Amino acid sequence: VLANPLRPAILAAAKSGLLERSITKAPVTRRIVDRFVAGDNREDVLDVARRLVGSGRAISIDFLGEDTTDRAQADATVQEYLSLIGDLGALDVAPINGAAPLEVSMKLSALGQALPHDGDRIALDNASTVCAAAEDAGVWVTIDAEDHTTTDSTLAILATVRKDFPWVGAVLQAYLHRTEDDCRELCGQGSRIRLCKGAYREPESVAFQSNSDVDASYLRCLEILMTGDGYPMVASHDPAIVAATGTYSRDATAVEYQMLYGIRDLEQVRLAETGATMRVYVPYGTAWYGYFMRRLAERPSNLTFFLRSLATK
Ligand code: FAD
4 VLANPLRPAI
14 LAAAKSGLLE
24 RSITKAPVTR
34 RIVDRFVAGD
44 NREDVLDVAR
54 RLVGSGRAIS
64 IDFLGEDTTD
74 RAQADATVQE
84 YLSLIGDLGA
94 LDVAPINGAA
104 PLEVSMKLSA
114 LGQALPHDGD
124 RIALDNASTV
134 CAAAEDAGVW
144 VTIDAEDHTT
154 TDSTLAILAT
164 VRKDFPWVGA
174 VLQAYLHRTE
184 DDCRELCGQG
194 SRIRLCKGAY
204 REPESVAFQS
214 NSDVDASYLR
224 CLEILMTGDG
234 YPMVASHDPA
244 IVAATGTYSR
254 DATAVEYQML
264 YGIRDLEQVR
274 LAETGATMRV
284 YVPYGTAWYG
294 YFMRRLAERP
304 SNLTFFLRSL
314 ATK
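Residue numbers for the sequence shown, in UniProt numbering: 4 to 316.
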């Protein structure tokens, strides 16, 4: 089965500044964005965080932003993460199956990786600053995966950060041909790996293109992580993947499920109620355009809903 035929066009639109300006200005967009994004500011996301944690779910909060080409913006992002971590540390929530219930997720391209000079070093320094604060606050950190041109740099930065903060997690994308090897490399003791299908537009030379090939790759990668010595974080809304995860005899302290805020909420609650660790990825901030477009690209029904709302206004 081929992926959603509109996916490449929507993912191309996700990179268009012109479309970004018109779509983010359309008043109706806001209501639909609110389904996937927990508000513009820290106060908004902390309300959502309290509600999710109150229902027995763990959370990973992402301050939206990516592809920063401005040093001051990268520094401001670090400051926002430090404030967020301070606020999360004050929530005082008990661990879930031994896992930290509170986590932040961050994109290295928002921390300076895409800067023209010294991007890798700046992103490394900034990531380390965030990780040091998180360690003090008892908050975990996972580094998101972006498009394939960043994978080598991101995994190299991860390896360096993990020398000081071995608990820091990373994301691997099953649609990339390289990912089975990366899973083998990163399935050792203490290694926290979030496995997802992958959300960017990638060429055939590096990534599987059909849904069935991506799903098969996901299951092969899952097998490597679930039979390894690390801590797999199974990030998917796909019932087949959730079911496959349940067939491995891992105890609830050694694996977690992860889904996105606003997607399959009832299934999230159901999994948490079985005693599993269920973590919800919760984005906030005003730079939601790229994230929102990737969600539209994933699911034609989201797009239809969005277009219909625009047409009725
Ligand atoms: P899909 O193939 O999109 O969906 C499979 C099935 O899931 C559907 O057929 C349906 O049965 C069910 N489903 C999906 N959506 C819905 C819905 N709205 N309502 C009901 N059922 C639904 N991608 C990256 O590239 N980098 C990252 O760092 C990254 N981090 C992520 C973190 C988390 C916690 C999660 C959950 C995803 C992350 N992603 C990331 C996105 C990921 O790569 C996929 O794009 C996204 O999760 C969609 O894939 P899926 O596995 O849910 O399956």
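Glycine is no exception: its CB is placed at the ideal position from the N, C-alpha and C atoms.
Only a predicted model underlies this, so the values are computations on that prediction, with no experimental measurement involved.
Rounded separation between residue i and residue j - CA only
| i | j | result |
| --- | --- | --- |
| residue 205 | residue 109 | 21 Å |
| residue 64 | residue 285 | 5 Å |
| residue 234 | residue 79 | 31 Å |
| residue 238 | residue 261 | 4 Å |
| residue 232 | residue 51 | 33 Å |
| residue 43 | residue 23 | 17 Å |
| residue 270 | residue 34 | 23 Å |
| residue 49 | residue 142 | 14 Å |
| residue 273 | residue 9 | 32 Å |
| residue 226 | residue 192 | 16 Å |
| residue 95 | residue 55 | 14 Å |
| residue 129 | residue 116 | 10 Å |
| residue 61 | residue 256 | 13 Å |
| residue 146 | residue 160 | 10 Å |
| residue 221 | residue 253 | 18 Å |
| residue 243 | residue 36 | 27 Å |
| residue 289 | residue 105 | 22 Å |
| residue 107 | residue 21 | 30 Å |
| residue 12 | residue 200 | 19 Å |
| residue 58 | residue 144 | 22 Å |
| residue 303 | residue 275 | 28 Å |
| residue 41 | residue 268 | 14 Å |
| residue 102 | residue 287 | 23 Å |
| residue 305 | residue 123 | 35 Å |
| residue 245 | residue 7 | 22 Å |
Inter-residue CB distance, residue i and residue j (contact presumed, cutoff 8 Å)
| i | j | result |
| --- | --- | --- |
| residue 131 | residue 167 | 7 Å |
| residue 329 | residue 259 | As shown, the chain starts at 4 and ends at 316. That puts residue 329 outside it, with no answer to give. |
| residue 113 | residue 69 | 5 Å |
| residue 39 | residue 264 | 6 Å |
| residue 187 | residue 172 | In fact, because the Cβ distance is near 17 Å, the residues do not count as touching under 8 Å. |
| residue 197 | residue 236 | 4 Å |
| residue 127 | residue 164 | 7 Å |
| residue 175 | residue 219 | That pair is no contact at about 15 Å. |
| residue 140 | residue 91 | 6 Å |
| residue 151 | residue 210 | 7 Å |
| residue 71 | residue 292 | Actually they are not in contact, since the Cβ atoms of residue 71 and residue 292 sit about 14 Å apart, beyond 8 Å. |
Simplified DSSP assignment, three categories, for residue i
| i | result |
| --- | --- |
| residue 63 | strand |
| residue 107 | strand |
| residue 266 | coil |
| residue 122 | helix |
| residue 113 | helix |
| residue 181 | coil |
| residue 36 | helix |
| residue 41 | coil |
| residue 55 | helix |
| residue 304 | helix |
| residue 2 | One cannot answer for residue 2 here, as it falls past the ends of the chain, which runs 4 to 316. |
| residue 1 | The question about residue 1 has no answer here: the residues shown for the chain are numbered 4 through 316. |
| residue 69 | coil |
| residue 78 | helix |
| residue 130 | helix |
| residue 86 | helix |
| residue 141 | coil |
| residue 95 | coil |
| residue 17 | coil |
| residue 8 | coil |
| residue 189 | coil |
Inter-stretch contact at 8 Å, needing at least 3 Cβ pairs: the stretch 281–301 / the stretch 15–30 = yes
Entirely within the stretch 192–263 and at least 3 residues each: give me those beta strand (DSSP E) ranges in chain order.
-> 195–199, 234–238, 259–263
At least 3 beta-carbon pairs within less than 8 Å: the stretch 183–197 vs the stretch 207–214 = no
Counting pairs of beta carbons, one from the stretch 150–160 and one from the stretch 71–86, are three or more of them closer than 8 Å?
-> no
Between the stretch 304–312 and the stretch 82–91, are three or more C-beta pairs nearer than 8 Å?
-> no
At what residue ranges does the stretch 267–301 contain a whole run of the beta strand (DSSP E), taking only runs of 3 or more?
-> 281–287
Would you mind listing the beta strand (DSSP E) stretches within the stretch 144–184 that are 3+ residues and don't spill past its ends, in chain order?
-> 172–176
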